[in-house]
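So for the sequence shown, this note's numbering puts the first residue at 819; every next one is plus one.
Backbone N, C-alpha and C fix where the C-beta goes; we use that ideal spot for every residue, glycine too.
Note that this is a predicted model, so its numbers are computed, not measured.
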Amino acid sequence: MTTLQETKPTKEMLNAKEYVNNVFELVKQRNSNENEFHQAVKEIFDSLVPVFAKKPIYMEHGILERMVEPERMITFRVPWVDDNGKVHVNRGFRVQFNSAIGPYKGGLRFHPSVNASIIKFLGFEQIFKNSLTGQPIGGGKGGSDFDPKGKSDNEIMRFTQSFMTELSKHIGPDTDVPAGDIGVGAREIGYMFGQYKRLRGAYEAGVLTGKGVGYGGSLGRTEATGYGTVYFVQEMLKDKGDSFEGKTVVISGSGNVSTYAIEKATELGAKVVACSDSSGYIYDKNGINLDTVKRLKEVERKRISEYVNEHTEAEFVEGCGGIWSIPCDIALPCATQNEIEIADAKLLVANGVKAIGEGANMPSTLEAIDLFLENNVLFGPAKAANAGGVAVSALEMAQNSARLNWTFAEVDEKLQEIMKDIYRNSVNAAEEYGHPGNLVIGANIAGFVKVADAMITQGVI
């Protein structure tokens, strides 16, 4: 792997490599058939070999063995009744992975693909992502295999109330603070917050983030992940004397992250020519009309294919994968995990892509990442590039604690500074450990060291 750039095989490096391999084998044995979790662990572990070689104290304290085992994994039944009176049962999850630097923090995903492996991969990634933000938040994640598509508002409400009835036993402003993710937006957060308040008999604004501005939410939270991804890529480009100005951009997805990545990239002078949903993608050579996308997806909740009814020069293509065949200068995968496979990466490289910014969680396979790095494509890994959402969630928690509201400009300014710090810390860590320019390794190391040091000081717990 390119992420495992060869270093001189010293005794320390060999010992570190052996340690990492042994722990990874243990992970696979204990978590059999959890491929997504294995992938996330493998990508991070490989990056950490030079850390253990340089600082064996982390091996002596069994940091990896402890870090890969969640502090708590909760699975529960979620029964609910549809509009026709039929009873359905879904499965709910919450993984509370690591609280060394703060309360568990991570989103809730409602999607049919949700299972223990996906929740654990997301939760494990969240440890490092949250650490990178510089905010005092630990790693967690949750969700359900419930599919909100095609459900009425009343069905969504009944499901989320049932989900929160059990989840409420395990969360709190100083314990675990969930937020939204795929399938969980302002509507779902609102219903869950209302049910939590009802069950607790108290107004604990800090228990959920992504709330409406009228009841404890933060201005700028909706935009944060998409904006943050663009801000991170902007820093990568700036280091090379470049910018978004005049660039052609392809962005997958058309949800919250994608929408605001389109908005910010366009604001910075780029032309975004494509976006997608689960049915396929649209290509508009004149540039995506964001007002149309927002109305279709946020208000009318329609398929992205409807876009071409209003913009006749645009094309709709069924199936999502082909979006990466569109020539572009910058690609921002903002849809879901493993959407860029090796064949897609080859197309992007062949078409001259200059930079990749991961707006989704783990949207590129390990093989695809290797190819980008081998071809000197600027690559912003998810745990760094898409950390803006959870960073502003932490800012929302701070506002809730202080019972204050910051302006949009204040929040956006703080977000920009956080993304700059994440980029710079990742660059510095990569250089310190002998892999200059490799932000995959740099982000992993920068996120790891802060958590590992806290774990050591707190003892074996």
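Note to self: I need the straight-line Cα distance from residue 1263 to residue 974, nearest angstrom please.
What the structure shows: 40 angstroms
Notebook entry, point to check: So what does DSSP say about residue 992, is it helix, strand or coil?
Noted result: coil
Check: In angstroms, rounded to a whole number, what distance separates the CA positions of residue 1107 and residue 1046?
Finding: In this structure, the alpha-carbon of residue 1107 lies about 21 angstroms from that of residue 1046.
Margin query: Given this structure, state the Cα-to-Cα distance separating residue 894 from residue 1237, to the nearest angstrom.
Written below: 36 angstroms
Notebook entry, point to check: At which residues does the alpha helix (DSSP H) containing residue 1095 begin and terminate?
Noted result: Looking at the DSSP string, residue 1095 is not in any alpha helix (DSSP H); the run it does join, the beta strand (DSSP E), is 1089 to 1095.
Item checked: Delimiting residues of the beta strand (DSSP E) encompassing residue 927 -> That run of the beta strand (DSSP E) goes 922 to 928.
Note to self: On the CB-based measure, 16 or more other CB atoms within 10 Å of its CB, does residue 1275 come out buried or exposed?
What the structure shows: exposed
Note to self: Quick check: what's the CA-CA separation for residue 1198 versus residue 1241?
What the structure shows: 9 angstroms
Next item on the list: Could you name the residues of the same chain whose beta carbon sits closer than 6 angstroms to that of residue 1243, not counting the 5 residues immediately before and after it, in chain order?
Entry: The beta carbon of residue 1243 sits closer than 6 angstroms to the beta carbons of 1264 from its chain, once the five residues preceding and following it are set aside; these are given in chain order.
Next item on the list: Using DSSP bridges, identify the partner residues of residue 1148.
Entry: 1067, 1173
Checklist line | Bridge partners - residue 914, DSSP secondary structure assignment | finding: 890, 958
Notebook entry, point to check: Which partner residues does residue 908 have in the DSSP bridge list?
Noted result: 896
Note to self: Does residue 1030 come out as helix, strand or coil in the three-state DSSP assignment?
What the structure shows: coil
Checklist line | Stretch-stretch touch, CB-based, cutoff 8 angstroms, three pairs: the region 1013 to 1026 with the region 932 to 941 | finding: The region 932 to 941 and the region 1013 to 1026 do not touch, with fewer than three beta-carbon pairs separated by less than 8 angstroms.
Checklist line | Enclosing alpha helix (DSSP H) for residue 1266 [first to last residue] | finding: 1257 to 1275
Check: Given a threshold of 16 other Cβ atoms within 10 Å of its Cβ, counted over all protein chains shown, does residue 828 qualify as buried or as exposed?
Finding: exposed
Checklist line | Same chain, Cβ closer than 6 angstroms to residue 1279, neighbours up to 5 away in sequence not counted | finding: Residues of the same chain with their beta carbon placed closer than 6 angstroms to that of residue 1279 are lacking, with the five preceding and five following residues left out of the count.
Note to self: What would DSSP say about residue 1136, mapped onto helix, strand or coil?
What the structure shows: Three-state DSSP puts residue 1136 in a strand.
Item checked: Span of the alpha helix (DSSP H) around residue 882 -> In the DSSP annotation of this structure, the continuous segment of the alpha helix (DSSP H) that includes residue 882 starts and ends at 881 to 885.
Next item on the list: Whole angstroms is fine: what's the gap from residue 1052's alpha carbon to residue 1138's?
Entry: 26 angstroms
Note to self: Could you check whether residue 1002 and residue 925 sit closer than 8 angstroms to each other, using their CB atoms as the reference points?
What the structure shows: Yes, the pair counts as a contact, with Cβ atoms nearer than the cut-off.
Next item on the list: Check the Cβ-Cβ distances between residue 932 and every residue of chain C, and say whether any is below 8 angstroms.
Entry: The structure shown contains no chain C; it is built from a single protein chain.
Next item on the list: May I ask you to report which of helix, strand or coil DSSP gives residue 1021?
Entry: It is coil, neither helix nor strand.
Next item on the list: Take residue 866 as the anchor and find which of 1110, 1171, 946, 1084 has the nearest alpha-carbon.
Entry: 946
Check: Where does the unbroken alpha helix (DSSP H) through residue 1046 begin, and where does it stop?
Finding: 1039 to 1057
Next item on the list: Identify which residue in 960, 1101, 990, 953 has its Cα closest to the Cα of residue 1140.
Entry: 1101
Margin query: The alpha helix (DSSP H) that contains residue 981, what's its start and end?
Written below: 971 to 985
Note to self: With a threshold of 7 angstroms on Cβ separation, who are the neighbours of residue 859 within its own chain once the five nearest residues in sequence on each side are excluded?
What the structure shows: 842, 845, 886, 942
Next item on the list: Determine the direct distance from the alpha carbon of residue 937 to that of residue 958, and round the result to whole angstroms.
Entry: 9 angstroms
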